[in-house]
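Trainee:
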Amino acid sequence: MERAREVIPRSQHQETPVYLGATAGMRLLRMESEELADRVLDVVERSLSNYPFDFQGARIITGQEEGAYGWITINYLLGKFSQKTRWFSIVPYETNNQETFGALDLGGASTQITFVPQNQTIESPDNALQFRLYGKDYNVYTHSFLCYGKDQALWRKLAKDIQVASNEILRDPCFHPGYKKVVNVSDLYKTPCTKRFEMTLPFQQFEIQGIGNYQQCHQSILELFNTSYCPYSQCAFNGIFLPPLQGDFGAFSAFYFVMKFLNLTSEKVSQEKVTEMMKKFCAQPWEEIKTSYAGVKEKYLSEYCFSGTYILSLLLQGYHFTADSWEHIHFIGKIQGSDAGWTLGYMLNLTNMIPAEQPLSTPLSHSTYVFLMVLFSLVLFTVAIIGLLIFHKPSYFWKDMV
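Pasting the structure below:
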């Protein structure tokens, strides 16, 4: 906010709206204590109200909204919504046959998948949204999986695995060989996401000892996805409807940050290659990893094996991408200098900056305007020259014409 006060001209402070939306972390807090969540929002509102901007309030957005706003953001930045009029076809015009990109968002506490299915009924009304943007209707599928963000998924995996541990030593394939960390059992059960795994253990602490095995880590993660029950024609996991995947997807937030660290964001890297590279990365000794990435905090560095494996498991077994459709996933950090994520879509929706109807006319781009002006000038010049030649012909020319 201090940065905003510096950047925005003082004369525009009072007319600059400020919006605050809280996501899955606050949704989890509200599950624990609605009173505590309200108190947090109240403190935030009082703090933001002290700034000279037009504060519009703070609220916890739903998972469905979070998914939809991420979808709006990337398609707005990619120019998928504006339907330009092609009334002058001499100027080269690039087009993309696909209407919109799908959106894949991964945070610490939740993950969202959002896209427009083609020729497919959205069987679950809870997963259906309708938008009218620039005169076109979009029937959007979206779902937010709370507790399946990468941080909460790790807590869930640990809570699941410690249930079957024979003692206070947990040999974990999702951490590098030689890695060790002591975890308090009380910390394990602090989050609502681990409540279903909670049990009385004969120890107050346990020690994680990494063994660095990608395949075993992958199998352990798959146990978090319940695929045994589906009341629809097809599901993702946990009985949640998922239509057939369609077209290209932009994967952002932690999808991008984790894969960027692992140097796996290139669209030329196949799914098989990604898996092979993850196997090698997870198998590297912890001391070697610390030396290679000395500038990265150990807390984050230690979890990249799990996070990368979790992303592969979620995309392939959770969302049903295949080796062939993997090439349609684009790991995106920024689009034209703007962050990919839900925040821009949230702002665009609240400020009504995307019109429901297509404008009657589309303003010309600068380059098109210049081209037309030059063309018009050449035509006008040619007509003038022809006119001068005609009217300055000798008199015998006109007699011959008669």
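Numbering (the working numbering), first residue to last: 17 to 418. Backbone N, C-alpha and C fix where the C-beta goes; we use that ideal spot for every residue, glycine too.
Can at least three beta-carbon pairs, one atom from the stretch 348-361 and one from the stretch 87-95, be found at a separation below 8 Å?
Mentor: yes
Trainee: Below 8 Å, how does it come out for the stretch 144-152 and the stretch 301-310: are there three or more Cβ pairs, yes or no?
Mentor: no
Trainee: Indicate whether F322 and L280 have their beta-carbon atoms separated by less than 9 Å.
Mentor: Not a contact, by the Cβ cut-off of 9 Å.
Trainee: Does the contact criterion of 3 or more C-beta pairs under 8 Å hold for the stretch 25-37 versus the stretch 180-188?
Mentor: The stretch 25-37 is not in contact with the stretch 180-188.
Trainee: To the nearest angstrom, how far is the alpha carbon of M17 from that of F219?
Mentor: 45 Å
Trainee: Expressed to the nearest angstrom, what Euclidean distance is found between the alpha-carbon atoms of G263 and F131?
Mentor: 9 Å
Trainee: Should S329 go down as buried or exposed, given a rule of 16 or more other Cβ atoms within 10 Å for buried?
Mentor: buried
Trainee: Who are L120's beta bridge partners in DSSP?
Mentor: I129 and A267
Trainee: Mind reading off the beta-carbon distance from A53 to R46? Whole number of angstroms is fine, and I expect it under 8 Å.
Mentor: 4 Å
Trainee: Could you check what DSSP says for K197 in three-state terms: helix, strand or coil?
Mentor: strand
Trainee: Distance, Cα to Cα, V180 vs T216?
Mentor: 12 Å
Trainee: Could you name the residues of the same chain whose beta carbon sits closer than 8 Å to that of N242, not counting the 5 residues immediately before and after it, in chain order?
Mentor: F253, N254 and G255
Trainee: My assumption, with CB atoms under 8 Å, is that S286 sits in contact with A339. Please give the rounded CB distance.
Mentor: S286 to A339, Cβ: 7 Å. Contact.
Trainee: With F265 and I345 assumed to form a contact (beta carbons below 8 Å), what rounded beta-carbon distance in angstroms separates them?
Mentor: 5 Å
Trainee: Relative to the C-alpha of K315, which candidate in L36, K196 and S63 has its C-alpha closest?
Mentor: K196
Trainee: Could you please give the first and the last residue of the uninterrupted beta strand (DSSP E) stretch that includes N66?
Mentor: N66 -> no beta strand (DSSP E), and no H or E assigned at all.
Trainee: Going by CA-CA distance only, name the one from I77, F271, S341 and G37 that's closest to Y164.
Mentor: F271
Trainee: By the 10 Å Cβ neighbour count, where 16 or more other Cβ atoms means buried, how is E288 classified, buried or exposed?
Mentor: exposed
Trainee: Determine the extent of the alpha helix (DSSP H) in which L44 is found, giving its start and end residues.
Mentor: A40 to E48
Trainee: Hey, how far is the Cα of W302 from the Cα of S126?
Mentor: 28 Å
Trainee: Going by C-alpha to C-alpha distance, which of A20, E319 and L44 sits closest to P33?
Mentor: A20
Trainee: For T158, decide whether its Cβ has a neighbour in chain D, counting only Cβ atoms nearer than 9 Å.
Mentor: Absence of chain D from the displayed structure is noted, only one protein chain being present.
Trainee: Could you give the distance in angstroms between the alpha-carbon of Y157 and the alpha-carbon of Q250?
Mentor: 14 Å
Trainee: K350 bridges to which residues according to DSSP?
Mentor: Among the bridge pairs identified by DSSP, K350 is matched with D355.
Trainee: Go through its chain and collect everything with a Cβ distance to P208's Cβ below 8 Å, but skip five positions before and after it.
Mentor: L44, M47, E48 and C163
Trainee: Can you check the stretch 253-331 for any alpha helix (DSSP H) of at least 4 residues that lies completely inside it and give the ranges in chain order?
Mentor: 270-277, 287-299, 302-308, 314-317 and 320-329
Trainee: Contact check, P260 vs P133 under 8 Å by CB: the rounded distance?
Mentor: Between P133 and P260 the Cβ distance is about 7 Å, and since that is below 8 Å, they are a contact.
Trainee: Which of the three DSSP states, helix, strand or coil, is assigned to I224?
Mentor: strand
Trainee: Cutting at 8 Å between CB atoms, please list the residues of its own chain near D177, excluding the five before and the five after it.
Mentor: L186, D188 and S236
Trainee: So the candidates are V201, T210, A299 and H234; which of them puts its Cα closest to the Cα of Q221?
Mentor: V201
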